[in-house]
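Sequential numbering from 0 applies to the sequence shown in numbering that gives the first Met the number 0.
Below is one structure, written out as structure tokens; the observations come after it.
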Amino acid sequence: MTTQSSITHLGNQISPPRNIINPRLDALPDYPFERLRTLLDPLAAPANLPPIALSLGEPQHPYPDFVGDILHANRHLYGKYPPVAGTPEFRRAVADWLTRRYDLPEGMLDPDRHIAPCAGTREALFRTAFMAVPPEKSGQQPVVLMPNPFYQCYAGAAIAAGAEPVFVPALSENGFLPDFSGLDEDILARTALVYFCTPGNPQGAVADLAYLENLVALSRKYDFTLVVDECYAEIYNGDPPPGTLQVCAAQNDDMSGILVFHSLSKRSNVAGLRSGFVAGDGEMLMLFRRLSEYGGSPSPLPVYAAATALWQDEDHVIANRALYGEKFDLAERILSNRFGFYRPQGGFFLWLDVGDGEAATKELWARAAIRVLPGSYLSADDGIHDNPGRRYIRVAMVHDKAVMEDALARISDTLS
Ligand SMILES: Cc1ncc(COP(=O)(O)O)c(C=O)c1O
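Encoded structure:
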């Protein structure tokens, strides 16, 4: 079965002077939020309604008070260059959290070898492509696979690293989980790196252990690096989403070629703290740290101290998850049976089928002062399939309950 598609168009391009620019970057389009500004700036929102931004996945829930206290108590450390490997306390807290959360065997994770911090996962996800994409694979240009729709960083990283991004449809028909193993043999043989996200952004689909096992097996068969972005792992409805390290644990702790990414941005509502980590293949993480030494920007030491305490605390995470649960109850009540509403298994987005996502985005802004993101801005036009996000809008359920209730009612009234 051929389900893959390669890039022909992601959006508007910019045209800097030709002689000083890496031509690869011609394929990088405007980022979705820039495209959204271009779409909505010409339109006026109603003056009598407070604008509500549901376009950006930036949690507005409170974060624990101890974060401020710890940053303040450690403020004398802002004068020090922080180590790229983070602090031993940070690495230990992360290894302990992973072990508890995924029920991993004691000792599977060596904090010094299998954990590397990052200043938010976006830059680290991006940098991974430079580490994982060789000049050639099977004698040809390497391929980087990702779901379609996808977190935009994946495509930017693939393009900047000189690979061909190949978008694998994640549609409602396949439970929003891309069928990587159904790709043509020649594509798989050229694959150097796969980006996969569970729970997924934007649709909230959760891969079960069998799916992750197949993906790990595929990575071993075709010798590619498997990156699993698990940054929404702590926001879920029902059972906790499984993690890829559980698959490794069942295979004699073999983490070769596997990297998982976690972030405090969504788990702990501290997107501005810029703190996450990568865990997995020890050899790759040595290289990852080496690249950090040359060109990385590690988090400040007070941030490592606050992050350590956040990974050690579950109370705020449980409260956070409960708050999202209440807001999805609201959404279910206000939107159910319309716009293809479903309650996502994980993450904090609604992915609503509104027929024409761009038109609905304009209407919501012009008539209801609600800012959402057209699904097509998160998906690639590949010239083969219809853009899989075209019919959708993404709604980030990031505000408190009262604001979300107002916003959901406005969405319902406007689009009905
Ligand atoms: C799927 C996904 N991965 C990674 C990130 C990056 O998060 P951060 O850089 O804050 O860790 C985001 C942020 O929106 C995301 O949606």
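Glycine is no exception: its CB is placed at the ideal position from the N, C-alpha and C atoms.
query: Looking only at DSSP bridge pairs, what is Arg342 linked to?; result: In DSSP, Arg342 forms no bridge with anything.
query: Quick check: the stretch 50-61 against the stretch 388-398, are there 3 or more CB pairs under 8 Å?; result: yes
query: Which same chain residues end up closer than 6 Å to Met0 when comparing Cβ atoms and leaving out the 5 residues on each side of it in sequence?; result: Caution is warranted here: a pLDDT of 40 is assigned to Met0, below 50, making its placement in the model unreliable, and no coordinate value can be reported.
query: Tell me whether Leu124, by its Cβ, gets closer than 8 Å to a heavy atom of ligand 1.; result: yes
query: According to DSSP, is Met403 part of a helix, a strand, or is it coil?; result: helix
query: Pull up the distance between the alpha-carbon of Met130 and that of Leu144, whole angstroms please.; result: 15 Å
query: Spatial neighbours of Ala368 within its chain, please: C-beta separation below 8 Å, excluding the five flanking residues on both sides.; result: Ala44, Pro45, Leu48, Pro49, Pro50, Ile51 and Arg409
query: Would you say the beta carbon of Tyr150 is closer than 8 Å to some non-hydrogen atom of ligand 1?; result: yes
query: Which class does Ser415 belong to by DSSP, given the choice of helix, strand or coil?; result: coil
query: Tell whether a beta-carbon distance below 9 Å holds between Gly161 and Gln139.; result: no
query: Just how far apart, CA to CA, sit Asp312 and Ala318?; result: 11 Å
query: Compute the minimum distance between the beta carbon of Cys247 and the heavy atoms of ligand 1, and state whether it is under 8 Å.; result: no
query: Tell me the residue span of the alpha helix (DSSP H) that contains Tyr391.; result: It is not in any alpha helix (DSSP H) - Tyr391 instead sits in the beta strand (DSSP E) that spans Tyr391 to Ala395.
query: Answer yes or no: the CB of Asp399 versus the heavy atoms of ligand 1, is any distance below 8 Å?; result: no
query: Where does Cys247 sit, in a helix, a strand or coil, going by DSSP?; result: helix
query: Measure the C-alpha to C-alpha separation of Pro61 and Gly382 and round it to an integer number of angstroms.; result: 43 Å
query: Is Thr127 near ligand 1, with its Cβ less than 8 Å from a heavy atom?; result: no
query: Straight-line CA distance for Asn386 to Ser264?; result: 29 Å
query: Terminal residues of the continuous beta strand (DSSP E) containing Ala118?; result: No beta strand (DSSP E) contains Ala118, which DSSP labels as neither H nor E.
query: Identify, in the order they occur along the chain, each residue of the same chain with its Cβ nearer than 8 Å to the Cβ of Ser218, setting aside the five sequence neighbours on each side.; result: Val193, Thr224, Leu225, Gly256 and Ile257
query: Quickly, what does DSSP pair Arg370 with across the bridge? List them, please.; result: Ala52
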